[in-house]
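Asker: Once you've had a glance at the structure underneath, I'll fire off some questions.
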Amino acid sequence: LMIKFLISTIIAAVASATAMAAPSQTLTWDDVERGELPAALEEVLNACIREDILDRGNGTPCLTLTGQFQPDAPHANGDWFAMSVLNGFWTAYWNRRLNSAYRAMQVTYKAGGNSQPLLDQLRDTQRRWIAWRDAKCAFDGAYEQNTSRWAKLKPGACRAHMTAVRALELELMAKVISY
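Sequential numbering of the sequence shown, starting at 1492, is according to the working numbering.
Structural data, given as structure tokens:
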């Protein structure tokens, strides 16, 4: 029994190290402009999320990887503009994943029959979450209005992060309810 435990621990550690390994590909400004995360980077992110879920998490520790997936060259319009563009890129990326998980939940609920109450609750919950995210992120930028222009990036960064966390929540819920 102890040997099985040690072997599974070693396998988990190797898998985790592989998931967190630096990707061989980098994000480029062309990728950002197209709104596409390169497949190699997405696989690193997804491997990390899968590993965290196996450890009974929801993948949120893996969000730090997005900070490593930075374009390989400075942006022609400067650092502030680059950060603003990246906030938009990550918000759109996680929003696509969120919408995909939301649709998967809808399909699963519809397949289960007598689904309208669940569909209504899912829709209402998501609408309330969007209102909360937007209000919270607007406040994140409002309380520092008269500071540097870098502080004005906070609402965008907040939207990207909160959308990522919610996408991971819905992805996990979609997997759970589909069993």
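Note that beta-carbon positions come from the ideal geometry of N, C-alpha and C, so glycine has one too.
Just checking my contact of W1581 with A1655 at CB under 8 Å: how many whole Å lie between their CB atoms?
Answerer: Here residue 1581 is taken as the residue at index 90 of the sequence shown, counted from 1. Here residue 1655 is taken as the residue at index 164 of the sequence shown, counted from 1. Sure, about 7 Å apart at Cβ, within 8 Å.
Asker: According to DSSP, simplified to helix, strand and coil, what is R1588?
Answerer: On the sequence shown, position 97 is the one that residue 1588 refers to. Note: R1588 maps to helix in three-state DSSP.
Asker: Would you list the residues sitting across from P1552 in a DSSP beta bridge?
Answerer: Counting from one through the sequence shown, the residue named residue 1552 turns up at place 61. Paired residue(s): none; P1552 is not in a bridge.
Asker: Out of L1518, R1619 and V1667, point me to the one whose CA is closest to M1596's CA.
Answerer: As a working mapping, residue 1596 is identified with position 105 in the sequence shown. Ranking L1518, R1619 and V1667 by Cα distance to M1596 puts V1667 first.
Asker: Which class does L1545 belong to by DSSP, given the choice of helix, strand or coil?
Answerer: Position 54 of the sequence shown holds residue 1545. L1545: helix per DSSP, three-state reduction.
Asker: Grouping DSSP H, G and I as helix and E and B as strand, with all else coil, what is L1528?
Answerer: Taking the first residue of the sequence shown as 1, we reach residue 1528 at position 37. If DSSP states are grouped into helix, strand and coil, L1528 belongs with coil.
Asker: Using three-state DSSP, classify P1562 as helix, strand or coil.
Answerer: Counted from its first residue, the sequence shown places residue 1562 at position 71. Of the three classes helix, strand and coil, the one that applies to P1562 here is strand, per DSSP.
Asker: Give me whichever residues DSSP pairs with L1518 in a beta bridge.
Answerer: As a working note, residue 1518 is residue 27 in the sequence shown. For L1518, which the question treats as bridged, DSSP gives the partners P1562.
Asker: Cutting at 8 Å between CB atoms, please list the residues of its own chain near S1669, excluding the five before and the five after it.
Answerer: Here residue 1669 is taken as the residue at index 178 of the sequence shown, counted from 1. Excluding sequence neighbours, S1669 sits near A1595 and T1599.
Asker: Just to confirm, is the Cβ distance from D1546 to T1517 under 7 Å?
Answerer: Sequence index remark: in the sequence shown, residue 1546 carries index 55 (1-based). Sequence index remark: in the sequence shown, residue 1517 carries index 26 (1-based). No. Outside cutoff.
Asker: Excluding the 5 residues preceding and the 5 following A1510 in the sequence, name in chain order all residues of the same chain whose CB lies nearer than 6 Å to its CB.
Answerer: If you number the sequence shown from 1, residue 1510 lands on position 19. Low per-residue confidence applies at A1510: pLDDT is 45, beneath 50, and the placement is therefore not dependable, though the value from the model is reported in the following sentence. Cβ within range, chain order: A1538, C1539 and E1542.
Asker: Whose CA, out of H1652, L1554, N1586 and N1549, lies closest to the CA of L1532?
Answerer: To locate residue 1532, count along the sequence shown from 1; it is residue 41. Checked all of H1652, L1554, N1586 and N1549; the closest Cα to L1532 is L1554.
Asker: From which residue to which residue does the alpha helix (DSSP H) around T1654 run?
Answerer: As a working note, residue 1654 is residue 163 in the sequence shown. T1654 -> alpha helix (DSSP H) spans K1645 to I1668.
Asker: So, is Y1584 buried or exposed, given that buried needs 16 or more other C-beta atoms within 10 angstroms?
Answerer: The residue labelled residue 1584 in the question sits at position 93 within the sequence shown. The residue in question, Y1584, is buried, as its Cβ has 16 or more Cβ neighbours within 10 Å.
Asker: Look up A1567 in the DSSP assignment and say whether it is helix, strand or coil.
Answerer: Locating residue 1567 in the sequence shown gives position 76, where the first residue counts as 1. A1567 falls in the coil class under three-state DSSP.
Asker: Taking 8 Å as the limit between beta carbons, can you name the residues of its chain near P1646, skipping five residues before and five after?
Answerer: In the sequence shown, the residue the question calls residue 1646 occupies position 155. C1628, A1629, D1631 and G1632.
Asker: Report the three-state DSSP secondary structure of G1603 (helix, strand or coil).
Answerer: Locating residue 1603 in the sequence shown gives position 112, where the first residue counts as 1. It is coil, neither helix nor strand.
Asker: Within 10 Å of its beta-carbon, does A1622 have 16 or more other beta-carbons around it, so buried, or fewer, so exposed?
Answerer: Mapped onto the sequence shown, residue 1622 falls at position 131. By the 10 Å Cβ count, A1622 comes out exposed.
Asker: Just to check my reading of the structure: L1644 and N1549 have Cβ atoms closer than 8 Å, yes? What is that Cβ distance to the nearest angstrom?
Answerer: Your numbering for residue 1644 matches position 153 in the sequence shown. Your numbering for residue 1549 matches position 58 in the sequence shown. Wrong, their Cβ atoms sit about 26 Å apart, outside the cutoff.
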